[in-house]
Structure formats: structure tokens, C-alpha cells
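One structure below.
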Amino acid sequence: MLQWSRLHPYNAVHVVQVSTGISPQDYREGIESVLRPCSLGLVSISDNQGSCHFHPDHPPIPPRVIGENELEAEIERQLNEPFPLQGRFLPFRFFCGPGADGTTFLGIAYFHALADADSISRLLLEISGACTGRALSRESRLALNPGTGLKAPMGNPWETLQRSIGAVRQFQRMRGSHRPPSSSEPSAHNQFRAHALTRIETSGAVAKAKRWQVTLNDLCLAALLLAVAPLTSKRFPTPRPALTAACVVNLRGTLRPADRNRFGLCLGSFSVTHPVPQGISLRDLAQDIGADTSRIKREKLSLGAALTFRASRFMLSRLPVEKQRNFYRKSYPVWGSITNFRVDDLCNTRGATEVIDYVRAVSAGPAMPFVISITGIAGRLNLGISSKPNVIPADKMDGVIQRFVALLTAPEEGVSWN
């Protein structure tokens, strides 16, 4: 992530909607009452070590105030505004605004290399509770303190070797797949769209996945590949007919129980590559992907992603920026990525205010044209879609989103593309 941040703003945004009215001043006081005791202040980057370090400095952080109908525009703005990355800098930005019926939106944008969705959601929910007078517990203060960071266990040398081989094979399959369009403009600009599935639509998608004996994540990956397939009609006469999608994985379950709630970044990733022939049904594609992801879980290949990233960092860190961009475009031909997060359990235990809604967004970087951030809350799925219009134009991206949602929610079991 530190390497990607040199190529484009690598930000993420979380927004929680709470049931009570919270003023900007209350939000500012809540922010300071949580960040300061948790030692979440200025940060600096060590390029040589590939790590970030927090410092005890705590400058004031006034939240940006937005209007009731400006939320999506603000999320897009925050995705595209880079953090300084030089010297010591503040890795958080906050914003707030009124929602309908007396509710309030509280938002945080952050430098994504510092923390994952689990840590940031805990932080944001603690702040929302502090805004209404909830005291920061000792347990929360210790969990949110960045300390020395998190590292997923790599296992014994034999397991590490096996995962390395598996990760290389996965990379080789991905590298031979059909590439997304190249752009003459090296723009890192992201567009943002939000879409909410109803409880009925969400329960239908979950039930469909269960009937087909796949996970909801498998279903989403299959829907993503089918949704982009109409953009790839020229791939069949070529030696690269397959399509690749990626998925980000929470690795906190691999940590010791005492470390699972600690602040930091603990993510892995994997990719699925499939020929996606014309006429294939959503069910068949989801079951093929399910077989792949079962093997990935069994062999813990998502832990091997860290090894490939370390290798690419070693090889690319001294190359010019444009050559790094070209490497990712050619060697990581990923059409889109999915990141899943369920916030319900945290909402039930954090904060003094009722959480009504929750939305996330992540920058789409040099390795993919778009990212779908899926957040589960109160039996619903919220989709935060960030995309690069210089790779997939806005009108075509609208079609991708419409097909993705239709594939997830359609009652038919044989949905396909023509």
C-alpha cells in the first residue's frame, strides 16, 4: 500500500449515520477525546522499512461541514485529496453533516496504509459515542493504540514455501488474463457512487448463495465478472480470454485472540481467474469460483499475498513512477475488486447512539479500474463503488453497476450474459 500511495492517493472513507443530532463542535470534541488518549496523532513513513510510525503530536482537527445532499460528492472529494506523505502528517480527515429526520452523518477519510476497516470502524464508532458523552473505556484505549503494528503469522518455513508457490501460480494465471483498457491519461481520479440493497434484496442474494452452496462473496465475485463481460467482447480471438477479479480478505482471525482487536492493518488478498464463456450462467460461474476460493482458504493462499507484494516492492521501488504504473497495468490485469465488511457486531457494542447506516469507499488504484466496498448492516448490503473514469467511462461503469446489482438480486438461477 505504501508503494501504491506513491502512484495515486490511496485513501479510504467511512461514514456512519447516527440517530441523534450532533453538532460540528461536538464532533470535534469527540474526535479529540478519542485520538489523544489512543496516541493517534501525526504519522511519518519510513520508505526503507516500508512502515508507518505514529508520533505523540496532536494538532486540532476541525471537521469539514457538508450539506444534507452533499455526502456522495464529499466521499468522492476525500478519495481524491492526497495526504502529504512527507515528514510528519495527519493521516485522518473528518467531516459531518445533517441527515434526514434529525440524524447526523459522521465521516472519516484516512491514509489506507495505516489501518483496515475493522480498526477504522472501531475508531469512528468510539468517536460517535464520545460525541454523546460516552467515556472511552480502558479496553478501547488499549485496542485503538497503534503500538508496534500488526503482522499476520506466516507459519513455519514449509507452510511459507507452499503459500509462496501457490501465490506465484495464482499470479501467473492472473497475468495471462484479458487486460482492462489502457488509458492515454495517467489520471488517478476516482468517481464514487453508492447503492443500497434492501433487506429483501439482500436476503434473496444470501438465500441464492446458500441454495447454490457457495458463499455470498463467491456470488459477488461471479456477478462482478459477468457484469464486466460485455465490455470484453474482443477477448475471445486473443490468447488472453480469461477475466480476473480480486478480493481483499480480513486476516484478523489468524492473529492471537489478544491481538485481534488491535489498531492497524491486517489484510490479505487473492484473485480468481475464469474464462467466463458466453452463455455461462451465474450459478455455474459462482460454483466454479466457489471451488477456487475453497482451495484458496484451505491452502491459506491469501497469506501469500504479502510475499508477492514484498517482492514487487523490492523490484519496483527504484523504478520511475510511470514504469511502476505500467508494471501494475500489465502484470495485474484485474477488472475489479471486492472488499467485504460486516459492521453489525461492532454497532451492537460501541457507542451510545443508534447506528442507522454505514457506508465505505476505497480508492481504485493502479492495479484495477474499480473497487466495490460492500458493507453489511442491519440485514442490508451497502455498496460503495469507486472507479477510474479514464479506464472505464462513467456511462459504461453505470452499466457495470446495474448488471452487478441485477445479477445479485434477480430471482432466476440461470442469469447469464449474451
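One gets the numbering used here by counting positions in the sequence shown from 1 and adding 9 to each. Backbone N, C-alpha and C fix where the C-beta goes; we use that ideal spot for every residue, glycine too.
For Ala-300, which residues in the same chain have their Cβ closer than 6 Å to its Cβ, ignoring the five residues on either side in sequence?
none
Go ahead and label Arg-338 buried or exposed: buried means 16 or more other beta carbons lie within 10 angstroms of its beta carbon, across all protein chains shown.
buried
My understanding is that Met-284 touches Pro-246, with C-beta atoms under 8 Å, so please give their C-beta distance in whole angstroms.
For the sequence presented, residue 284 should be read as Pro rather than Met. So it is not a contact: roughly 14 Å between Cβ atoms.
With H, G and I counted as helix, E and B as strand and the rest as coil, what does DSSP make of Thr-247?
coil
Quick check: what's the CA-CA separation for Glu-210 versus Ser-55?
45 Å
Straight-line CA distance for Gln-26 to Asp-35?
Distance from the CA of Gln-26 to the CA of Asp-35, rounded to the nearest whole angstrom, comes to 15 Å.
Answer with buried or exposed for Arg-131, where buried requires no fewer than 16 other C-beta atoms within 10 angstroms of its C-beta.
buried
So, at 7 Å on beta carbons, what are the nonlocal neighbours of Pro-378 in its own chain, with the 5 sequence-adjacent residues on each side left out?
Pro-189, Trp-344, Gly-345, Ser-396, Lys-397, Val-400, Ile-401
May I have the straight-line CA-CA distance separating Ile-136 from Pro-91, to the nearest angstrom?
23 Å
According to DSSP, is Phe-272 part of a helix, a strand, or is it coil?
coil
Quick check: what's the CA-CA separation for Asn-89 versus Leu-264?
Rounded to whole angstroms, Asn-89 to Leu-264 spans 33 Å at the Cα level.
Might you give, ordered along the chain, the residues of its own chain that have their beta carbon closer than 6 Å to the beta carbon of Pro-155, omitting 5 neighbours on each side?
Phe-63, Phe-272
Can you look up Asn-89 in the DSSP assignment and give me helix, strand or coil?
helix
When you compare only the Cα positions, how much space is there between Asp-354 and Arg-244?
43 Å
Tell me the DSSP bridge mates of Pro-107?
DSSP output for Pro-107 lists Thr-113 as bridge partner(s).
With Thr-418 as the anchor, note down where its alpha helix (DSSP H) starts and where it stops.
403-418
From which residue to which residue does the beta strand (DSSP E) around Ser-55 run?
Looking at the DSSP string, the run of the beta strand (DSSP E) that includes Ser-55 is 52-55.
Would you call the stretch 223-239 and the stretch 405-416 in contact, with 3 or more CB pairs under 8 Å?
yes
Using a threshold of 8 Å, state whether the C-beta atoms of Leu-274 and Asp-125 are closer than that.
yes
If we ignore side chains and look at the alpha-carbon of each, how far apart do Glu-41 and Ile-305 end up?
Straight through space, the alpha carbons of Ile-305 and Glu-41 are spaced by roughly 42 Å.
Taking the C-alpha atoms as reference points, what is the distance between Tyr-341 and Ala-255?
10 Å
Report the three-state DSSP secondary structure of Thr-384 (helix, strand or coil).
strand
Note down, one range per segment and in chain order, each alpha helix (DSSP H) of at least 4 residues found wholly within the stretch 173-237.
Correct list: 208-220, 225-237.
Can you tell me whether Leu-252 is helix, strand or coil according to DSSP?
strand
Please name the residue, chosen from Val-22, Ile-381, Glu-363, that lies closest to Ala-122 on a Cα-to-Cα basis.
When only C-alpha atoms are compared, the closest one is Val-22.
State buried or exposed for Lys-219, treating a residue as buried only when at least 16 other CB atoms are found within 10 Å of its CB.
So Lys-219 counts as exposed.
For Met-406, which residues from the same chain have a beta carbon less than 6 Å from its beta carbon, with the 5 sequence-adjacent residues on both sides left out?
Ser-396
Just the C-alpha distance for Leu-133 and Thr-224, rounded to the nearest angstrom, thanks.
29 Å
Label Ala-109 either buried or exposed according to how many other C-beta atoms from any shown protein chain fall within 10 Å of its C-beta, with 16 as the threshold for buried.
exposed
Quick one: grab the DSSP three-state call for Asp-47.
For the sequence presented, residue 47 should be read as Cys rather than Asp. It is coil, neither helix nor strand.
Leaving out the 5 sequence neighbours to the left and right, which residues in its chain are closer than 7 Å to Pro-46 when beta-carbon positions are compared?
Close CB contacts of Pro-46 within its chain, under the 7 Å cut and outside five residues either way in sequence, are with Leu-145, Arg-150 (chain order).
How many Å lie between Thr-253 and Thr-282 at the Cα?
4 Å
Between Ala-370 and Ser-382, how many whole angstroms is the CB-CB distance? I'm expecting something under 8 Å.
At roughly 6 Å, the Cβ-Cβ gap stays under 8 Å, so Ala-370 and Ser-382 are in contact.
Quick one: is Asp-127 buried, meaning 16 or more other Cβ sit within 10 Å of its Cβ, or exposed?
That one is buried.
Got a sec? Which residues, its chain only, sit under 7 Å from Ala-295 by beta carbon, not counting five neighbours each side?
Trp-221, Val-223, Asp-227, Leu-228, Ala-231
For Asn-259, tell me which candidate among Ala-203, Gly-111, Arg-351 has the shortest Cα-Cα distance.
Arg-351
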